[in-house]
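**Q**
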Amino acid sequence: MNLISGVLSAILSLLGLASPATPPSGGPPPVPSVQERPLRAADALRVAGRADARVLETADGRRVLLRGANVNALVDYRGARQTVPVAPADGLQARALGLNVVRLAVSWSKVAPAAGQIDDGYLRQVRTAAQTFADQGIYVLLDMHQDRYAGGLGRSGDESDGAPAWAALTGGASTAAGSGGHPYYGTAASRQAAKAFFENREVAGKPLQAHFADAVRAVTATGQELGPAFAGIELWNEPVDPWGTDPLAADGFSAPRLWPFYRRTIAALRDGGYDGPIWFEPHATRTWTDDDRAAARFSDDDQLVYGPHVYTDVYNGRIGEGTYARLRDSFDRAAVEAGKYGAALVPTELPGASSGPWEAHREETLGHLDRLAIGGIVWVWKQDPSRDYGWGVLRSTGALRGDSQIAQDYGRPRVQASEPRLLEQRFAAGAFEVRTSGAGDVELWEGAAFAAVPPILGRAWRLTVDGRVPAPDRVRSWRAQAALGSDRSWAGGRQLRVRVDDGEHVIRLEP
């Protein structure tokens, strides 16, 4: 125990506040030192079947609920926008908020800047950034990110990135803004290049999708170096049909174009020896319609994770006009869609919009993650001030946002993993309650506390099982803390592991 923690523990003891057997109305338990909780072989993720759905589980059978943020530090925007580099503080800050996953975006253009070549220097950057989070016990999902197929093809929306120039077969199409005749691909060049990719045209003596699979295998191999912290590889961000222009029209893209691409890439990964989770997204019209009407089993692979982006009413200006009913429907449909795909469900982008009605929208979103016992990943961790549109969990400096409770909300109390079955979860009035069935360990985050000095305990530190404080030998804890932008702003709390006997139990965390 470090000196500060030791002194604080002694003070609590003198005040009669340190007994772990005190009732819920009493004081906090003994203060643990700040501890790392590295992920071990037993924590490695797999997709497993349960009675109601396919889920993410650890190697030793605990259901895992991932909650975290997207990190876009390594995306190649071709100079059109800046990103915030990953620093050692990022891993500490993410853990101090109770996050247990990041979706780290990587760019094909950087992985393979020339046909047939892999840039080991960029992969080392990926490994270093990923390790920053993995060292804090945070899972890392590597995301083959793209927006509008590639950067450098003219002004094609607010973000354009993905394919290298040699893989952008434009046929000389225009790069003028608005020339695409498409709601997503803003230039004719970006639209034509996307068509060439999904047609699997040949370049440098090899199909485009085979070149891409080589890059995916290289990125996956880098992820595997993380050991049990590697949550898997995501194949393609927000795939959009470059032929169709009406998101409400019948889906003529998924079955003939998107799914064959997925099958080829999955086969390349399996042929290369990777046997872990593979994440995929639906045709991105779901982002606007909240419904993947084409959902169906396209692969017999049993390690698939379905990662739709749930952006209900983000783009249509209808926030507050029946939004919450539509949001519930969107999540419910996503669960059904995951079943049709034979996949676990973890939405890989959720809106990080802040202030005004978005604060309530976020509360609703997190409530559905609890209700369905699924994970979720918010866009985005930090934004560069030059292009900050108000979606960062933290400021680029690591400071809390003054216009939003987003860090507090994503840092709230919750279940992180559970061996017993999760029957019901609920967060209300600062307290979190989960009902379980069966014996084993339940792992919880007690909620991030925020203060001008390092927090000793989290927001909801009083732990009870069936109304009673569990015996000391039934509970283990790991304490996390980090400065948020200055030495006068801190976040922190504890990860708790409580063991319960067979049967149904109500576990509660409260202030």
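If you count by UniProt numbering, then the sequence shown holds residues 1 to 511, one letter each, in order. Beta carbons are placed, not taken as given, at the ideal position from N, Cα and C, and that holds for glycine. Please read all numbers here as calculations on a predicted model, not as lab measurements.
Could you work out which residue in Ala130, Val106 and Gly152 is closest to Ala80 when comparing CA atoms only?
**A** Closest option to Ala80, Cα to Cα, is Gly152.
**Q** Considering only C-alpha positions, which residue in the set Pro247, Gln136, Ala44 and Ala163 is nearest to Tyr149?
**A** When only C-alpha atoms are compared, the closest one is Ala163.
**Q** Rounded to the nearest angstrom, what separates Asp502 and Gly307 at their Cα positions?
**A** Those two C-alpha atoms are separated by around 33 Å.
**Q** Output yes or no for whether 8 Å exceeds the beta carbon distance between Val64 and Ala417.
**A** Contact flag set, yes.
**Q** Which residues in the same chain as Ser355 place their Cβ atom closer than 6 Å to its Cβ, once the five residues preceding and following it in sequence are excluded?
**A** Result list for Ser355: Asp403 and Ser404, in chain order.
**Q** Please confirm if the segment 460-467 is in contact with the segment 375-385, defined as three or more CB-CB distances below 8 Å between the two stretches.
**A** No, they do not touch.
**Q** Drop a sphere of 10 angstroms on the beta-carbon of Pro242, count the other beta-carbons inside from all chains shown, and report buried for 16 or more, exposed for fewer.
**A** It counts as buried.
**Q** If you measure between the beta carbons of Gly492 and Ala431, is that distance less than 8 Å?
**A** No, they are not a contact pair.
**Q** Alpha carbon to alpha carbon, how far is residue 550 from Phe298?
**A** Because the chain here runs from 1 to 511, residue 550 falls outside it and cannot be looked at.
**Q** Taking the continuous beta strand (DSSP E) assigned at Gln416, which residues delimit it?
**A** Element bounds for Gln416: Arg414 to Ser418.
**Q** Just curious, the alpha helix (DSSP H) that Phe261 is in, first and last residue?
**A** Note, Phe261: alpha helix (DSSP H), Trp259 to Asp271.
**Q** Note the first and the last residue of the continuous beta strand (DSSP E) segment covering Thr187.
**A** Careful: Thr187 lies outside any beta strand (DSSP E) and carries neither H nor E.
**Q** Measure how close the beta-carbons of Thr436 and Arg421 come, nearest whole angstrom, since I'm counting them as under 8 Å.
**A** Indeed they touch by this definition, with Cβ atoms about 6 Å apart.
**Q** For the beta strand (DSSP E) containing Tyr306, name the first residue and the last one.
**A** Residues Leu304 to Tyr306.
**Q** Just to confirm my understanding: we take Leu248, look at its own chain, exclude 5 residues before and 5 after, and list those with CB closer than 6 Å. What are they?
**A** Around Leu248: no qualifying Cβ.
**Q** Taking the straight line between their C-alpha atoms, what separation do you get for Arg270 and Tyr184?
**A** Arg270 and Tyr184: Cα-Cα distance of roughly 32 Å.
**Q** By DSSP, does Ser489 sit in helix, in strand, or in coil?
**A** Ser489: strand per DSSP, three-state reduction.
**Q** Going along the chain, which residues of its own chain have a beta-carbon closer than 8 Å to the beta-carbon of Arg263, five neighbours each way excluded?
**A** Counting only Cβ-Cβ distances below 8 Å, and skipping sequence neighbours, we find Phe298 and Ser299.
**Q** Extract the residue ranges of the alpha helix (DSSP H) inside the segment 189-229, only unbroken runs of 4 or more that lie entirely within it.
**A** If we require 4 residues or more, the alpha helix (DSSP H) runs fully inside the segment 189-229 come out as 208-224.
**Q** Alpha carbon to alpha carbon, how far is Ser254 from Ile278?
**A** Spanning the two alpha carbons is a distance of roughly 18 Å.
**Q** Am I right that Thr187 and Arg155 are in contact with their C-beta atoms under 8 Å? What's the rounded C-beta distance?
**A** Thr187 to Arg155, Cβ: 7 Å. Contact.
**Q** For the alpha helix (DSSP H) holding Gln125, just list the boundary residues, first then last.
**A** Unbroken alpha helix (DSSP H) run through Gln125: Asp120 to Ala134.
**Q** In whole angstroms, what is the alpha-carbon distance linking Gln408 and Glu510?
**A** In a straight line, the C-alpha of Gln408 is about 15 Å away from that of Glu510.
**Q** Can you list, in chain order, the residues of its chain with a C-beta nearer than 7 Å to that of Glu359? Leave out the 5 residues immediately preceding and following it.
**A** The answer, listed in chain order, is Ser404 and Gln405.
**Q** If you reduce the DSSP assignment to three classes, tell me which class Glu504 lands in.
**A** In the structure shown, Glu504 sits in a strand (DSSP, three-state: E or B).
**Q** Rounded to whole angstroms, what is the Cα-Cα separation between Asp135 and Gly398?
**A** For Asp135 and Gly398, the distance between alpha carbons rounds to 19 Å.
**Q** Excluding the five sequence neighbours on either side, which residues of its own chain have a C-beta within less than 6 Å of the C-beta of Pro470, listed in chain order?
**A** Cβ neighbours of Pro470 beyond the five flanking positions: Val498.
**Q** Per the DSSP calculation, Val498 is bridged to which residue(s)?
**A** Paired residue(s): Val442 and Val475.
**Q** Between which two residues does the beta strand (DSSP E) carrying Gly376 extend?
**A** Start and end: Gly376 to Trp379.
**Q** Start and end of the alpha helix (DSSP H) containing Ile406?
**A** Per DSSP, Ile406 belongs to the alpha helix (DSSP H) from Ile406 to Tyr410.
**Q** According to DSSP, is Val336 helix, strand or coil?
**A** Here Val336 sits in helix by DSSP.
**Q** Per DSSP, what kind of secondary structure is Ala483 in: helix, strand or coil?
**A** It is a strand residue.
**Q** I need the DSSP call for Tyr77, collapsed to helix, strand or coil.
**A** The answer is coil: DSSP assigns Tyr77 none of H, G, I, E or B.
**Q** Three or more C-beta pairs closer than 8 Å, one from the segment 197-214 and one from the segment 173-180: is that the case here?
**A** Result no; under three Cβ-Cβ pairs closer than 8 Å.
**Q** In angstroms, rounded to a whole number, what distance separates the CA positions of His361 and Ala335?
**A** Their backbone Cα atoms lie some 19 Å apart in a straight line.
**Q** Can you tell me which residues form a DSSP beta bridge with Trp279?
**A** In DSSP, Trp279 forms a bridge with Glu234 and Val305.
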